[in-house]
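Note sheet for the following structure.
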Amino acid sequence: MAAVRLRQTPPLPGVIQVALIAALLTVAAVCWAVTGDRMDGMDAGPGTELGGLGWFVGVWVTMMAAMMLPSLTPMVLGHARIERAEGGAAAMATTVAFVVGYVLVWASVGLLGYALIEGVRGLDIGFLAWDEAGPYVAGAVIVTSGAYQLTALKGVCLTHCRSPRMLLERWRSGLPGALAMGIDHGRYCVGCSWAMMAALFALGVMSIGWMAFVAALIAIEKLLPWRAVANRSIAVVLVVLGLAVAFVPDDVPGLTIPGSSDSMGTMQMEMR
Numbered sequence: 013m014a015a016v017r018l019r020q021t022p023p024l025p026g027v028i029q030v031a032l033i034a035a036l037l038t039v040a041a042v043c044w045a046v047t048g049d050r051m052d053g054m055d056a057g058p059g060t061e062l063g064g065l066g067w068f069v070g071v072w073v074t075m076m077a078a079m080m081l082p083s084l085t086p087m088v089l090g091h092a093r094i095e096r097a098e099g100g101a102a103a104m105a106t107t108v109a110f111v112v113g114y115v116l117v118w119a120s121v122g123l124l125g126y127a128l129i130e131g132v133r134g135l136d137i138g139f140l141a142w143d144e145a146g147p148y149v150a151g152a153v154i155v156t157s158g159a160y161q162l163t164a165l166k167g168v169c170l171t172h173c174r175s176p177r178m179l180l181e182r183w184r185s186g187l188p189g190a191l192a193m194g195i196d197h198g199r200y201c202v203g204c205s206w207a208m209m210a211a212l213f214a215l216g217v218m219s220i221g222w223m224a225f226v227a228a229l230i231a232i233e234k235l236l237p238w239r240a241v242a243n244r245s246i247a248v249v250l251v252v253l254g255l256a257v258a259f260v261p262d263d264v265p266g267l268t269i270p271g272s273s274d275s276m277g278t279m280q281m282e283m284r
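Quick note: the sequence shown uses the numbering used here, first residue 13, plus one each step.
Shown next as structure tokens:
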């Protein structure tokens, strides 16, 4: 029924589609630039210090906007299309509210991740050091993220993330409704991508290179038409990468080894 209703909804005028896509890509580009500047020299590899809470939250929110907004484009266009067809007087404003709700969900995920990482760090568990079990722990996290690609929960969440018609099933009008729908969609997106974000932490959350790598994987599985091929290919890539990090980390391109000369400078840097 939702698919039928969406087909019956008039398409957005081309100028509105172009404006929305341009706005999302512009915001994402600005966030990439800001994130790159803030994280410059901060990559110490797996286990990178996260800094103070306020500093981390600011970086995390810009990271999420940079990484996720391009792949959110179909849902934003779908929301604007439905809102316009439903006679919404402020379709642009409600679409912005939808995006804000989505980003708020990822901001809360960042807070949870910060609490978890800093909590474990505070326990000072010696075997997690890189010269002990560190590579195997990081590799296991990445391999797990690859295995998660093949689970039923991942499939359900990915279906929701790829299909604007899902918006019709939970449609709510007005600004509060759009904000709630953005939060709702954000929850599915977290269900879809949390494991890849965990892999990013395992690779070095302050690395702009690994950030771009994970963002590309997310965009591939959400935007390309070959869903099954993309999903399974990403699973293989992550499993192979995880095994490499665990057993031959020195041979992984772009991986900063904790304690190496590449990472030592970050230990001296004060969080900006």
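Virtual Cβ for every residue (Gly too), placed ideally from N, Cα, C.
Check your understanding: On the three-state DSSP scale, how would you describe residue 29?
Key -> Position 17 of the sequence shown, counting from 1, holds the residue named residue 29. Three-state DSSP puts residue 29 in a helix.
Review point. Taking the alpha-carbon positions, what's the residue 26 to residue 38 distance?
Key: For the purposes of this step, residue 26 is identified with residue 14 of the sequence shown, where counting begins at 1. For the purposes of this step, residue 38 is identified with residue 26 of the sequence shown, where counting begins at 1. Each residue's alpha carbon lies about 18 Å from the other.
Point to revise | Enclosing alpha helix (DSSP H) for residue 195 [first to last residue] | key: In the sequence shown, counting from the first residue as 1, residue 195 sits at position 183. Residue 195 -> alpha helix (DSSP H) spans 186-216.
Review point. So, do the stretch 149-169 and the stretch 205-219 have three or more beta carbon pairs nearer to each other than 8 Å?
Key: yes
Check your understanding: Exposed or buried, which one is residue 96 when buried takes at least 16 other CB atoms within 10 Å?
Key -> Within the sequence shown, the letter at position 84 stands for residue 96. The residue is buried, with at least 16 neighbouring Cβ atoms inside 10 Å.
Check your understanding: From 171, 256, 166 and 221, pick the residue whose C-alpha is nearest to that of residue 78; which is it?
Key -> Mapped onto the sequence shown, residue 78 falls at position 66. It is 221 whose Cα lies nearest to the Cα of residue 78.
Exercise for review: For the stretch 47-57 and the stretch 108-121, state whether three or more C-beta atom pairs, one from each stretch, are separated by less than 8 Å.
Suggested key: no
Practice item. Reducing DSSP to helix, strand and coil, say where residue 143 ends up. Key: Numbered from its first residue, the sequence shown carries residue 143 at position 131. Coil, per DSSP.
Review point. Is residue 47 helix, strand or coil by DSSP?
Key: Indexing the sequence shown from 1 puts residue 47 at position 35. Residue 47: helix per DSSP, three-state reduction.
Exercise for review: Could you please give the first and the last residue of the uninterrupted alpha helix (DSSP H) stretch that includes residue 238?
Suggested key: Along the sequence shown, one-based indexing puts residue 238 at 226. Premise fails: residue 238 is in no alpha helix (DSSP H) and is neither H nor E.
Check your understanding: I think residue 229 touches residue 267, with their Cβ atoms under 8 Å apart; what is that distance to the nearest whole Å?
Key -> Here residue 229 refers to the residue found at position 217 of the sequence shown. Here residue 267 refers to the residue found at position 255 of the sequence shown. Contact flag wrong, Cβ pair sits at about 16 Å.
Review point. Does DSSP put residue 179 in a helix, in a strand, or in coil?
Key: To locate residue 179, count along the sequence shown from 1; it is residue 167. It is helical.
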